[in-house]
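Novice:
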Amino acid sequence: MSNKNAERVLEALLFTSSEPLPLKDLEKNLPDNVDVESVIEKLQKHYETRGVNLKRVGNSIVLRTAKDLDHLFLTKKVTRRNISRAARETLAIIAYHQPVTKLEIEEIRGVSVGSGTIDLLMDLEWIKFGKRKSSPGRPITFQITDKFLDYFDLSSTKDLPGVKELKDLGLSVKKLNQK
Amino acid sequence: MSNKNAERVLEALLFTSSEPLPLKDLEKNLPDNVDVESVIEKLQKHYETRGVNLKRVGNSIVLRTAKDLDHLFLTKKVTRRNISRAARETLAIIAYHQPVTKLEIEEIRGVSVGSGTIDLLMDLEWIKFGKRKSSPGRPITFQITDKFLDYFDLSSTKDLPGVKELKDLGLSVKKLNQK
Amino acid sequence: MDNSKGHDDLTKSELHVCLDGFEGPLDLLLSLAKSQKVDLKKLQLGILADQFLNYLRDQRYKFKLESAGDCLVMAAWLTLLKSQLIIPEDELEKDDSEKINELITLRLQRLVKIREKATWLFDRPQFLQNFFPSYIYRDKKVIKEHFLIVPLGDILKSYLAIVDKKNYTVPIDANEEYLFLDKAISFIDQKVKGSNVSVSFSNLVKEVHALSGINAKRCAATIFCGILEYTKIGEIQIKQSNIFASLELTRIRNVYKV
């Protein structure tokens, strides 16, 4: 398959999907000798100035309308959901500290995570389960999803400002006890 | 509005529409001094060689995937909304109880498992046959596959949260059955 | 986009607030601290402690039991800090109060930061507000199987639903109180890992028993499990001089984490 044709294949797949498509799945639709990365790069460049833009969200790719054209879609706008402060903060903690356990989230907020908060974020598919931590009890962790990145117009967690600053403040207060 | 921007507007409008858009609706979104016909002609030319093509249907315009790429879109009817509750439950039971026989699955679910359900999961390569049980009749068991783990980004079934963990997180099952 | 209306009510009604309008002791403390209008690092902890304790006094009848504990811990810290400010004599205890001071400041800073980030996040351009997906029609042809999107949460919930339906009893008697492993672990963490000397197992059990009122045997069993977890990852060492002698627990130092 020529590179030109590879571009066309990805274009067709992306144009007909409303959700981000994982890179590895896109790759399956191309012959082995085609480098998916370079095709994506080309497409991204091609769409940069157009009415539809190609975005990377984590390990997935998606096409979205250009942000400056939002006035065209007034009728398509959905009413913003009212997301509780607890859920917003929990989401921010997961985004900044992932992978993170429920206990760690509670430590930062100083309150236990109400039932329903995790459920809501899971239902929105903004968070997912990560690996278990190797700390005692092997608690399960949470991570953010590509869908989260897409929703908030981020291409990776690197786009979050001040990650290092927050990491430096640390996750565990226990460290202090061991000084 | 420059012609370039007029192109972008139509592109975005066509992208977000499942139905062909009447010319006069498109025109409404462009300033009076722009000739919609010439913009469409330009767009059509632009998309001629690409993975999606611009088509005229009577007095309407629509974007469609290129005919020669039809093979990308199989008629397999398994979309997110079509994975049945039976399939989800069966999959979950196999993941938590593997290796498990069909009889055991039915015992846990309290209803019989249709062969369509097993076939679907087999087709997806999320489950496979395991060893036969040494119980009478030596029934065949089911196991989940590496592809299942890969799909859900798990390193082993041990990463699946247990029932108590799920409850602790406040996951609610009420809405699920409406899906 | 979603079918999860009603969630918000759920989250709101089940917030574990122990204080009117505040989400826990840290939230309250932060809003008190903000009233001092200074850099968090230069907080007047004495004033803050007074304010916090007064607030608690006024609100004590509104406590929800599960979070009262958190408030009391915070209150205890602040009281200690305050007492240190009045009589800063004993060197060792002064060290303690500095640690607590640092700890509270750190936790407040962290909460402020994460709030900023949450606001930043929700102020961003959003999907279905500022940019929109494709709705291009696919001629009744459905996308290829490996683009099938099934969230893991749905699978897990299916399982939960079955288990619920079947009334699978988790072998715990709801009328009895149990010490849960995570509680035991955080207790061990405090007592043993925060200490430089060895701690005896039976004292730990006594302490937890006295604090929680949970059956002592159950405490012993759970704490023992917790200790095993810690020995497994090599953070705690158990010594016993002879059979039936008391178990002595020490923190293993110089644990190099990879």
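Chains as they are written, first to last, in my numbering: chain Y, 1 to 179; chain U, 1001 to 1179; chain W, 2001 to 2258. Where is the CB? At the ideal position from N, CA and C, for every residue including glycine.
What residue ranges within the segment 1089 to 1141 of chain U form continuous alpha helix (DSSP H) runs of no fewer than 4 residues, ordered along the chain?
Specialist: Whole alpha helix (DSSP H) segments, 4+ residues: 1102 to 1109, 1115 to 1123.
Novice: Go through its chain and collect everything with a Cβ distance to U:L1021's Cβ below 8 angstroms, but skip five positions before and after it.
Specialist: L1013, L1014, S1060, I1061, V1062.
Novice: Restricting to Cα atoms, I'd like to know which of Y:E41, Y:G110, Y:D168 is closest to Y:E89.
Specialist: Of Y:E41, Y:G110, Y:D168, the residue nearest in Cα terms is Y:G110.
Novice: Count the C-beta pairs between the segment 1123 to 1139 of chain U and the segment 85 to 104 of chain Y that are closer than 8 angstroms, then say yes if the count reaches three, no if not.
Specialist: The answer is no - the segment 85 to 104 of chain Y does not touch the segment 1123 to 1139 of chain U, with fewer than three Cβ pairs under 8 angstroms.
Novice: Is it buried or exposed, U:E1011, if we count other Cβ atoms within 10 angstroms and call 16 or more buried?
Specialist: U:E1011 is buried by the Cβ-count criterion.
Novice: Just checking: is the beta-carbon of Y:V62 within a distance shorter than 8 angstroms of some beta-carbon in chain U?
Specialist: Closer than 8 angstroms: no.
Novice: If U:L1030 and U:A1006 are in contact, beta carbons under 8 angstroms, what's the gap, nearest whole angstrom?
Specialist: At roughly 5 angstroms, the Cβ-Cβ gap stays under 8 angstroms, so U:L1030 and U:A1006 are in contact.
Novice: For U:L998 versus W:L2160, is the C-beta spacing smaller than 8 angstroms?
Specialist: The requested residue 998 of chain U does not occur in the structure, where chain U is confined to residues 1001 to 1179.
Novice: To which residues of the same chain is W:L2204 closer than 8 angstroms at the C-beta, ignoring the five residues directly before and after it?
Specialist: Same-chain partners within the cutoff: F2187, I2188, K2191, V2192, I2223, L2249.
Novice: Which residues does DSSP pair with U:T1065 in a beta bridge?
Specialist: Paired residues: U:V1052.
Novice: If you draw a straight line from the alpha carbon of W:F2132 to that of Y:R64, how long is it in whole angstroms?
Specialist: Using only the alpha carbons, I get a separation of about 5 angstroms.
Novice: Identify which residue in Y:V39, Y:S112, Y:T16, Y:D70 has its Cα closest to the Cα of Y:L23.
Specialist: Nearest C-alpha to Y:L23: Y:V39.
Novice: Could you give the distance in angstroms between the alpha-carbon of W:F2022 and the alpha-carbon of U:R1050?
Specialist: Going by the C-alpha atoms only, they are around 56 angstroms apart.
Novice: Residues in the segment 2102 to 2119 of chain W with C-beta within 9 angstroms of chain Y's C-beta atoms, listed in sequence order?
Specialist: Listed by position along the chain: E2102, L2103, L2106, R2107, Q2109, R2110, L2111, K2113, I2114, R2115, E2116, K2117, A2118, T2119.
Novice: Roughly how many angstroms lie between the CA atoms of W:G2234 and W:I2252, to the nearest whole one?
Specialist: Roughly 7 angstroms between the two C-alpha positions.
Novice: Residues of the segment 1006 to 1018 of chain U with a CB closer than 9 angstroms to any CB of chain Y: list them in chain order, please.
Specialist: Against chain Y - using a Cβ distance shorter than 9 angstroms - the residues of the segment 1006 to 1018 of chain U are E1007, R1008, V1009, L1010, E1011, A1012, L1013, L1014, F1015, T1016.
Novice: Quick one: is Y:T75 buried, meaning 16 or more other Cβ sit within 10 Å of its Cβ, or exposed?
Specialist: With fewer than 16 other Cβ atoms within 10 Å, it is exposed.
Novice: What three-state label does DSSP hand Y:V78 in the structure shown?
Specialist: Correct three-state label for Y:V78: coil.
Novice: Grab me the residues of Y:K158's own chain with a C-beta within less than 8 angstroms of its C-beta, minus the 5 sequence neighbours each way, in chain order.
Specialist: None.
Novice: May I ask you to list, following chain order, the residues of the segment 2148 to 2162 of chain W that have a beta carbon less than 8 angstroms from some beta carbon of chain U?
Specialist: Per Cβ criterion, the list reads L2148, I2149, V2150, L2152, G2153, D2154, I2155, L2156, K2157, S2158, Y2159, L2160, A2161, I2162.
Novice: Please list the terminal residues of the continuous alpha helix (DSSP H) segment that includes Y:L26.
Specialist: Here the alpha helix (DSSP H) through Y:L26 covers 23 to 28.
Novice: With 8 angstroms as the threshold, decide whether the Cβ of U:A1066 is near any Cβ in chain Y.
Specialist: Yes, because at least one Cβ of chain Y sits closer than 8 angstroms to the Cβ of U:A1066.
Novice: Based on Cα-Cα distance, which residue from U:D1123, U:K1133, U:S1135, U:R1138 lies nearest to U:K1147?
Specialist: Here the closest residue by C-alpha is U:D1123.
Novice: With H, G and I counted as helix, E and B as strand and the rest as coil, what does DSSP make of W:L2204?
Specialist: W:L2204: helix per DSSP, three-state reduction.
Novice: Would you call Y:G162 buried or exposed, if buried means 16 or more other Cβ atoms sit within 10 Å of its Cβ?
Specialist: Exposed, because fewer than 16 other Cβ atoms sit within 10 Å of the Cβ of Y:G162.
Novice: Which residues in chain Y sit within 8 angstroms of U:N1029, going by Cβ to Cβ distance?
Specialist: Under the 8 angstroms cutoff, chain Y gives L72.
Novice: Where does the unbroken alpha helix (DSSP H) through W:T2222 begin, and where does it stop?
Specialist: Note, W:T2222: alpha helix (DSSP H), 2216 to 2232.
Novice: Against W:S2134, what residues of chain U qualify as contacts under a CB-to-CB distance less than 8 angstroms, listed in chain order?
Specialist: Simply F1015, T1016.
Novice: Between the C-alpha atoms of W:L2247 and W:D2096, what's the straight-line distance to the nearest angstrom?
Specialist: Distance between the alpha carbons of W:L2247 and W:D2096 is about 28 angstroms.
Novice: Please list the residues of the segment 104 to 121 of chain Y that have a C-beta atom closer than 8 angstroms to any C-beta atom in chain U, keeping them in chain order.
Specialist: If the cut-off is 8 angstroms between Cβ atoms, the segment 104 to 121 of chain Y has V113, G114, S115, G116, T117, I118, D119 near chain U.
Novice: Alpha carbon to alpha carbon, how far is W:A2184 from W:G2226?
Specialist: Computed Cα separation, rounded: 6 angstroms.
Novice: Assuming Y:V34 and Y:L26 are in contact, meaning their beta carbons sit under 8 angstroms apart, how far apart are those beta carbons, in whole angstroms?
Specialist: Their Cβ separation, rounded to whole angstroms, is 11 angstroms, which puts Y:V34 and Y:L26 out of contact at 8 angstroms.
Novice: Taking DSSP as the reference, what is the three-state secondary structure of U:L1154?
Specialist: Of the three classes helix, strand and coil, the one that applies to U:L1154 here is coil, per DSSP.
Novice: Does the Cβ-Cβ distance between W:L2081 and W:N2054 come in under 8 angstroms?
Specialist: No, they are not a contact pair.
Novice: Would you please verify whether the beta carbon of U:P1161 is less than 8 angstroms from any beta carbon of chain Y?
Specialist: U:P1161 counts as touching chain Y.
Novice: When the Cα atoms are used, what is the spatial distance from Y:V100 to Y:T141?
Specialist: So the two alpha carbons sit approximately 5 angstroms from each other.
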